[in-house]
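Colleague:
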Amino acid sequence: MQMVKIHIPERSDRAKALETLTLRGRVICLPDNIFIVPEPALEVLQSLRVPSKELERGGFDFAEKALRDYSCTVNLAD
0 MQMVKIHIPE
10 RSDRAKALET
20 LTLRGRVICL
30 PDNIFIVPEP
40 ALEVLQSLRV
50 PSKELERGGF
60 DFAEKALRDY
70 SCTVNLAD
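Everything in the sequence shown is counted per numbering that gives the first Met the number 0, starting at 0 for the first residue and increasing by one.
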């Protein structure tokens, strides 16, 4: 399954999106309002009229790598 990294800039839109998407599947939350969601979640966002910007696509390994990369930057900052 394709995973998609997206940016949702508006707080109210993020709340609406996360409330719905977390009930339907996996959502990975990263800093700066960035999320990694399964590709079918994009249709859900459209149906909710939540504007989002697609940043990258990849497989499940892509999502795991994004988490590892973020984890490394947090540890380096401490």
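Where a beta carbon is used, it is the ideal one built from N, C-alpha and C, also for glycine.
None of these values were measured; they are calculated from a predicted model.
Does chain D have any CB closer than 8 Å to the CB of leucine 20?
Modeller: The structure shown has no chain D; it contains just one protein chain.
Colleague: What number of angstroms, rounded off, separates the C-alpha of leucine 66 from the C-alpha of proline 50?
Modeller: Taking the straight line joining both Cα atoms gives about 24 Å.
Colleague: Which partner residues of arginine 56 appear in the DSSP bridge assignment?
Modeller: Bridge partners of arginine 56: Val3.
Colleague: Per DSSP, phenylalanine 34 forms a beta bridge with which residues?
Modeller: The partner list for phenylalanine 34 (beta bridge, DSSP) reads Ile5 and Cys28.
Colleague: Measuring only the C-alpha atoms, how far is phenylalanine 59 from valine 43?
Modeller: Rounded to whole angstroms, phenylalanine 59 to valine 43 spans 20 Å at the Cα level.
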